[in-house]
Structure formats: C-alpha cells, structure tokens
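Colleague: Below is one structure. I have some questions about it.
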Amino acid sequence: MLVQLFVANLLTFGNGTVMAAILQQSFVQQAQVLSNDQLLYAFALARVTPGQANLYVASIAYMMFGLPGSVLSILVIALPSYLMIPLLHSYEFFRGNRLVLNMARGLAATAVGLLLATTWNLARDSMTAPVTWIVLALGLALLVFTRLPTVVSLLAATGAGMILVLATGLVTP
Amino acid sequence: MPDRDPSVSLAALFRLFLKIGLSFGAGTGMSAVLQEELVHKRQAMPRREFVALFGLARLVPSGSMTALAVGIGYRYQRWLGTVAALTAMILPGFVLTVLLTVVYTLLANSTALRVINLTLMPAALAIVVVSAFNLGREFFTPSLELGLVIAGGVSVLLFGLNPSLVLLAGGAIGAIALGNRDDTRQASR
C-alpha cells in the first residue's frame, strides 16, 4: 500500500484529486481493500479540514492499517518534497526544459482520463437512490454557478440531502 | 540558492507553519497566507524569491505546499528547518483527519453512516466531477493531449490496466510526442 501511495504521489505531483483516481483504481477496483464509500468519505474530509488536499491519505491508511498506517502514509507523501533541495540548485535548467514540461503535460492529460474513469466508477457505486442524484446535482450547481468556497458547497449540498433523507424517512433506525 | 538565512528562528518557523497548516483552501489558500506572513508581515523574504520558490515547488513530484515548506525551512534553518516546517504544517490537518476517520469507523453499520453515504458521498462526488473537468478543460480540444485523456480513461476502465503504469506511459508519450511547442505550459495540478 505504501509503495502504491508513493508511486501515486510521485506521478500525480501530489495532486489530491488525481491521486484519488489512482487510489480508487488500485485499492478499490483491483485490490478491493477499500470501498468507494470509504474513499469518498476520506476525500470529503480533505475539503472540510485545514491543510493540504492530499492529507486524506491518512484517513485511507487509518481505515486499512490504523494509526501506524496513517503516520507512515504521511511520511511517504512528504518524503519526495525533499527533492526540492537539489532542485534549488538546478532551478533554471528544470524551469525551461522542454522535455520535462512536455512530460508533465502528458502526465496531466493522462491523469484527467484516469480521473474521469474514476468518476464513472464512483458514480456507479454511490448513486443508489434518487436523493443521491439530487445531492449530486445541487453540489454541481453550487460548485459551478456560485463563488462559494468548496467546503461551503459540500456542506450545503450534504445538509440539504440530510434534510431530504430525514423528511422522506428514507433511512430508518 | 541563497546561503542560510537565520533571520527566522526554528521556533518561529514552527509557529509560522502551524498557522499555515490551520489554513483552509488547500494549496491556494495556504500559499496565500504563507506569502502574506513571510513577505509582507515579517518581510523575511522578497516577493520575487517567494514566487521563484513557489514555481520550483510546483516542479517537485509531491504536493507543492510540502515542497515549499521544505524549501523555506531549508532556507532559514537547513535540515532541522525542513522538519520543523513540514511537521508543523501537516500536524493540524493530520490530527483532524484521523479524528474524523475514527468517528467514521465508530459509526460503522449505524443509521448515521447510512445517511452520510446518501448525502456526503454524492456531494463529494460533485467535487471530483468538477475537479476532473477543471483539470481537463485545456485538453478538451482535438489534440494529442485529448488522445491521452481518452486513452488514460479507456485503459483503466475497459482494460483494467495498472493506473500508475498508464500515467507513466502518458508522461513518456508526452515527453516524446508533444514536441517543441510554444504554447507548452506546465501541467496544472
């Protein structure tokens, strides 16, 4: 798991959302050690807590291996940051290197494809009731058409969904 | 790279990055607070240098904020500074994330968890959808990049290929095939 995480972090340049795509494919689709709901919960946590967007890996690791796993997962994603030190000495070379920039662009385009595939997989498993479609539509509308912070949109759509669920008696104790 | 500048002590570095770690808005929000603190309030670094460090951090294959923390920590207090900056920045989010995950695991099989699954999950999915389209916006025109988007999605969705290898292949194809284009920009994160 740590190796997968290390590779995913390296290849996605630490982008939390794109990394979620790789983790979904690796841990949910292939290894089946995590559910889509767990992944989405962890991902949502990153939006309602302070700090970097990729800290949700601690949540995923906790679900699989407890506290030691979550600590190790943070070390694994933080470790490549130390490449910053040698890079400080060769900034001009890397900044203007066409090969490096093109590789980054190729990685980014491929990552978008992975992310779209992941979106499809997540939607297939999570959209199980009419209320989930309403919450998704509301969330999309808030994110696309308003200038509200992401965390506010997330909480507003979730809150509206909870009211609907409770009002319709969809979930009973 | 400039020599070590001890003007920001180890303790001050820790306090500064603890504050950054408590900032919302992920990288964008955190870097804005860091710039405000370091460049404007403390005047410990010229804006031009901060921007250069930030640009460099975006080239590092990790989160740009963790790379920036290492770069700034190293500038002021060398290796100990990197540890202080990283630890302080990660700590608040990490503790909250783990605590909320503990709550999630305690709620297993409860009514509350079923409500969360029906409400929080689709709302989180909306973020993933919007992120995917925002990240891909610049690639959604007929181009080699669009080909990579489609190939990336199809290869994992239909053929179940290893996503890390697919990404690696996409990066290699980009490096070889995208060529010497004037409009090549650094990949968005």
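Each protein sequence line maps, in turn, to chains W and Z.
Per my numbering, the first sequence runs over residues 1 to 173.
Per my numbering, the second sequence runs over residues 1001 to 1189.
Beta carbons are placed, not taken as given, at the ideal position from N, Cα and C, and that holds for glycine.
1) State yes or no: is the C-beta of threonine 1066/Z within less than 8 Å of the C-beta of glutamine 52/W?
2) Any C-beta of chain Z sitting closer than 8 Å to the C-beta of methionine 84/W?
3) So which residues of chain W does arginine 1076/Z contact, with C-beta pairs closer than 8 Å?
4) DSSP on serine 1064/Z, reduced to helix/strand/coil?
5) Could you say which of Gly169/W, Gln25/W, Gly139/W and Leu55/W lies nearest to phenylalanine 1094/Z if we only look at CA atoms?
6) How about tryptophan 120/W and leucine 1158/Z: do their beta carbons lie closer than 8 Å?
7) Rounded to the nearest angstrom, what separates valine 165/W and valine 131/W at their Cα positions?
8) Give the DSSP-derived three-state secondary structure of valine 1128/Z in the structure shown.
9) Could you check whether alanine 20/W and leucine 34/W sit closer than 8 Å to each other, using their CB atoms as the reference points?
10) Can you look up serine 81/W in the DSSP assignment and give me helix, strand or coil?
11) Please report how far the alpha carbon of glutamine 29/W lies from the alpha carbon of tyrosine 82/W, in whole angstroms.
12) Chain Z partners of threonine 132/W, CB-CB under 7 Å?
13) Pick out whichever of Ala61/W, Thr168/W and Leu79/W has its Cα sitting closest to the Cα of phenylalanine 13/W.
14) Determine the extent of the alpha helix (DSSP H) in which glycine 1147/Z is found, giving its start and end residues.
15) How close, in whole Å, do the beta carbons of leucine 1053/Z and glycine 1027/Z come, if the pair is a contact with beta carbons under 8 Å?
16) Against chain W, with Cβ distances strictly below 8 Å, would proline 1163/Z count as a contact?
17) Can you give the beta carbon distance from tyrosine 1076/Z to leucine 1013/Z, rounded, assuming they're within the 8 Å contact cut?
18) Identify which residue in Ala1132/Z, Leu1120/Z, Glu1036/Z and Ser1110/Z has its Cα closest to the Cα of valine 48/W.
Modeller: In brief:
1) yes
2) yes
3) Sequence inspection shows tyrosine at residue 1076/Z; the arginine mentioned does not correspond to that position. None at all; the shortest Cβ gap to chain W is about 13 Å.
4) helix
5) Leu55/W
6) no
7) 7 Å
8) helix
9) Taking 8 Å as the cut-off, the Cβ atoms of leucine 34/W and alanine 20/W do not count as close.
10) If DSSP states are grouped into helix, strand and coil, serine 81/W belongs with the helices.
11) Looking at the two C-alpha atoms, the distance is approximately 31 Å.
12) What threonine 132/W touches in chain Z: Leu1118 and Pro1122.
13) Leu79/W
14) Element bounds for glycine 1147/Z: 1144-1157.
15) Contact flag wrong, Cβ pair sits at about 14 Å.
16) At least one CB of chain W lies nearer than 8 Å to the CB of proline 1163/Z.
17) Yes, tyrosine 1076/Z and leucine 1013/Z are in contact; Cβ-Cβ is about 6 Å, under 8 Å.
18) Leu1120/Z
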